[in-house]
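K.L.:
Dropping the structure in here first, questions after.
2 protein chains.
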Amino acid sequence: MAMAKKSTLVLVAERAGVSIASVSRVLNGLPASDRVVESVRAAARDLGYVPDATARSLKVGKTEQVALAVADVGNPVYVAMMHEISRVIAKDGYRLVLSSTGGAAQDEIDLLDNLNRGFADGLILSPLRVTDDLVARLRESRLPIVIIGSLPDGVELDNVRADSVRGVGLAVKHLAKQGRRQIAFINGPIDTVPGAARLGGYLRAMAKRELVVHPDAQVYASDFTFKAGLEAAESLISQFTPDAIVCANDLLAVAAMKVITRRGLSVPGDIALVGMDDTDIAELANPSLTSVNLGSVARARAAAKLLLRRLNDPGAPVKQIVIEPRLTIRESSIGPAQAATS
Amino acid sequence: MAMAKKSTLVLVAERAGVSIASVSRVLNGLPASDRVVESVRAAARDLGYVPDATARSLKVGKTEQVALAVADVGNPVYVAMMHEISRVIAKDGYRLVLSSTGGAAQDEIDLLDNLNRGFADGLILSPLRVTDDLVARLRESRLPIVIIGSLPDGVELDNVRADSVRGVGLAVKHLAKQGRRQIAFINGPIDTVPGAARLGGYLRAMAKRELVVHPDAQVYASDFTFKAGLEAAESLISQFTPDAIVCANDLLAVAAMKVITRRGLSVPGDIALVGMDDTDIAELANPSLTSVNLGSVARARAAAKLLLRRLNDPGAPVKQIVIEPRLTIRESSIGPAQAATS
DNA sequence: CTGTTAGCGCATTCAA
DNA sequence: TTGAATGCGCTAACAG
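Structure below.
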């Protein structure tokens, strides 16, 4: 009740007049006589006893913590994932410890070293760039790791990813159906896993529909942020006038929206816009943003469950899960282009 | 190098031909002969030895972890704070463990119990609602706690808060200067600390400028989210037509922006808009959103440093820091109302 | 059902 | 400088 100093099993045992083993048993719900249970409970209550997590961890070899490492905490898609992972693992008594990396592969390698100190029981990692070195370290890791995002072929690690090639395809298909022909693409850095995949998806989808890809119709933002998106959109618009733009994520799309309206053009009247990730900001945007839902929350949940599974069964077979994308249609892409209308 | 099974001090000691004490010393940089240092280093490297964090924690009584509990992980302002705190404490070797609470005081009390298990060395807490019970538990806590947000008078806890009364004042003053007279207010729940403070600020600022507060000019969103903001804005607009609205945070403001434009009105032409928190979305919004910067990042940094200070010096005097607000003016509030212009 | 005991892996005191 | 020994607080054998 009152600000107890710090009681341990021994203190409780003394007060209850039993052995420390009995205290431990009672507190862990193991069989004990009513008399013992009662006295232990009372003693523990009186002393304000709280079991020590560190000591328990050392003994049982589990920290009840899961580490999460994502590249960009500023990106709403990661926030949503973080939230979901936290929710899922909490149900199994795990806490979430955040390990922010700058997106550089080296940061992630450092993290792995650190992880091996055993401050967490497992890791969920969403790397932006996957180097050979990183892959090598990943395989060597002593504890369970689940990767969110694509991995090179042949890498046998639990992993859950989105089919972003198909995702971009959905966007292009939708825009084409609305009668758009000049479909540009604002991508993030091409040397990232999502950047490369989304570019591939764009090119394939355009080819499939026999839409011509104007050389000036693709630009790359220096990273997946709003700020970089502004620059990229400026550079795109100043050299080419599309009637639609697919953006590699929602932040880039919102940036494009801003640049477009700033130029006196309208969305979707002059230029239709589709983002990716379907984050909260797609809903907030004005007009609201059509976006490819890559199942971020579903991926997060799947990753968390995969990790929990492996934590409970280290020998389980490696599992790779692909989440299918779907399109969330909102205002930014509806209707034909104004030019076509008039 | 290769996937070492799991080496401990003893293993390293054996291989190096010294005692475990020497290994411990070398690895912690304590004085030792060159010969010993060298052989230990070599052995450790060969074995891929990594010290165990849990064992170290148990021994030294420190986990090197700081817990952070915020009400709503979905709110960008908390994300920004989280990020900053993580950055600051990482420099001192601390990790961040996330403890999401639902915003209910009971969740926070549960968290405190949990904290006393010692999985972290300290806590940074930003409670939405401060009950007497919570305050009582806060005082009893065995480990250092820093509160972000206002506390009842007389509660002696390290704490850093924003002067949101003045913050709202800045917003009202700015709008009044632009010639707006019918300044409405969209608040969050009134039973929260920020909700209560911001309402007070609004009323005081309006009174100070002798602006009349129409009874229908204030509405309360059921929480500080975009969705709740839509409802609140609808209900406001349908009963009253202001020429400006101050919103208790950016999410509510963006929601209001959407409702306003959906009605065919313009921002800031018909209605000027000011948000609070000055989060990323203020920049993204279209038009960009004028917002009261409550120094979220500064508060986060101050809180982190306060906690680190107390961790290093448990006897330090309690410190309470107030961060001054400032206004970030953007497009949503610039210029006179259209009616006034025409 | 209960008590005694042995570590988990490490930092640290105390002797040597 | 170095090694042997102790114990952080707890759980899990093992006896009784």
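Protein chains in written order, with our numbering: chain A, 3 to 344; chain W, 3 to 344.
Ideal Cβ positions, reconstructed from N, Cα and C, are used throughout, including at glycine.
Only counting the same chain, and skipping five residues up and downstream in sequence, which positions put a Cβ closer than 8 Å to that of asparagine 116/W?
P.N.:
Ser101
K.L.:
Can you tell me the Cα-Cα spacing of proline 316/A and aspartate 160/A, whole angstroms?
P.N.:
11 Å
K.L.:
Do alanine 306/A and valine 38/A have their CB atoms nearer than 7 Å?
P.N.:
no
K.L.:
Got a sec: which bits of the stretch 47–63 of chain A sit with their beta carbon under 7 Å from any beta carbon on chain W, in order along the chain?
P.N.:
Val52, Pro53, Asp54, Ala55, Thr56, Ala57, Ser59, Leu60
K.L.:
Please state whether DSSP places glycine 171/A in a helix, a strand or coil.
P.N.:
helix
K.L.:
Chain A partners of leucine 98/W, CB-CB under 8 Å?
P.N.:
Val99, Leu100
K.L.:
Check whether the Cβ of valine 256/W lies closer than 7 Å to any Cβ atom in chain A.
P.N.:
Closer than 7 Å: yes.
K.L.:
Give me the Cβ distance between asparagine 288/A and methionine 278/W, rounded to the nearest whole Å; I'm assuming they're in contact under 8 Å.
P.N.:
Between methionine 278/W and asparagine 288/A the Cβ distance is about 19 Å, and since that is not below 8 Å, they are no contact.
K.L.:
Which one of Gln184/W, Ile283/W, Val215/W has the shortest CA to CA distance from threonine 227/W?
P.N.:
Residue Ile283/W is the option with its Cα nearest to threonine 227/W.
K.L.:
Is there at least one Cβ from chain A nearer than 7 Å to arginine 119/W's Cβ?
P.N.:
yes
K.L.:
Along the stretch 108–140 of chain A, what residues have a CB closer than 8 Å to any CB found in chain W?
P.N.:
Within the stretch 108–140 of chain A, the residues whose Cβ lies closer than 8 Å to some Cβ of chain W are Asp115, Asn118, Arg119, Gly120, Phe121, listed in chain order.
K.L.:
Measure the CB-CB distance between serine 166/W and glycine 203/W and report whether it falls below 7 Å.
P.N.:
yes
K.L.:
Going by other Cβ atoms of all chains shown within 10 Å of its Cβ, with 16 needed for buried, is asparagine 189/W buried or exposed?
P.N.:
buried
K.L.:
Quick one: residues in its chain with C-beta nearer than 6 Å to the C-beta of valine 157/W, no 5 flanking neighbours on either side, listed in chain order?
P.N.:
Val137
K.L.:
Please list, in chain order, all residues of the same chain as alanine 71/W whose beta carbon is under 6 Å from its beta carbon, the five residues on each side excluded.
P.N.:
Ser101, Thr103, Leu113, Leu127
K.L.:
Between which two residues does the alpha helix (DSSP H) holding isoleucine 91/A run?
P.N.:
78–92
K.L.:
What separation, rounded to the nearest whole angstrom, lies between the Cα atoms of glutamine 184/A and valine 215/A?
P.N.:
For glutamine 184/A and valine 215/A, the distance between alpha carbons rounds to 8 Å.
K.L.:
Using three-state DSSP, classify valine 221/W as helix, strand or coil.
P.N.:
strand
K.L.:
Where does glycine 156/A fall in DSSP's three states?
P.N.:
coil
K.L.:
Could you tell me the distance, in whole angstroms, from the CA atom of leucine 49/A to the CA atom of valine 12/A?
P.N.:
11 Å
K.L.:
Pick from His85/A, Gln67/A, Gly181/A, Asp109/A: whose alpha carbon is nearest that of aspartate 94/A?
P.N.:
Answer by Cα proximity: Gln67/A.
K.L.:
Strictly under 7 Å for the Cβ-Cβ distance: is alanine 342/W near chain A by that measure?
P.N.:
With a pLDDT of 42 at alanine 342/W, under the threshold of 50, the modelled position of this residue cannot be trusted; read the value that follows with caution. Closer than 7 Å: no.
K.L.:
Could you have a look at proline 338/A and say whether DSSP puts it in helix, strand or coil?
P.N.:
coil
K.L.:
Taking the Cβ atom as the reference point for each residue, do leucine 145/A and alanine 69/A lie within a distance shorter than 7 Å?
P.N.:
no
K.L.:
What three-state label does DSSP hand serine 143/A in the structure shown?
P.N.:
coil
K.L.:
Using a C-beta to C-beta distance shorter than 9 Å, which residues of chain W count as neighbours of phenylalanine 228/A?
P.N.:
Asp282, Glu285, Leu286
K.L.:
Taking 7 Å as the threshold (beta carbon to beta carbon), is histidine 176/W in contact with chain A?
P.N.:
no
K.L.:
What is the residue span of the beta strand (DSSP E) that threonine 292/W lies within?
P.N.:
292–295 is the extent of the beta strand (DSSP E) around threonine 292/W.
K.L.:
Taking valine 195/A and leucine 130/A to be in contact with their CB atoms under 8 Å, please state how far apart those CB atoms are, rounded to whole angstroms.
P.N.:
Valine 195/A to leucine 130/A, Cβ: 7 Å. Contact.
K.L.:
So glutamine 67/W contacts chain A; which residues on that side make the cut at Cβ distance below 8 Å?
P.N.:
Val99, Phe121
K.L.:
Which residue wins for smallest C-alpha separation from alanine 178/W, given the options Arg119/W, Pro244/W, Ser21/W?
P.N.:
Pro244/W
K.L.:
Looking at the secondary structure, which residues open and close the beta strand (DSSP E) in which glycine 277/A lies?
P.N.:
Glycine 277/A -> beta strand (DSSP E) spans 274–278.
K.L.:
What are the start and end residues of the beta strand (DSSP E) that includes glutamine 322/W?
P.N.:
322–325
K.L.:
Taking DSSP as the reference, what is the three-state secondary structure of leucine 113/W?
P.N.:
helix
K.L.:
Would you grab the beta carbon distance between leucine 309/A and valine 52/A for me? Rounded to a whole angstrom, and I think it's under 8 Å.
P.N.:
So it is not a contact: roughly 27 Å between Cβ atoms.
K.L.:
Kindly indicate if chain W contains any beta-carbon less than 7 Å away from that of valine 75/A.
P.N.:
yes
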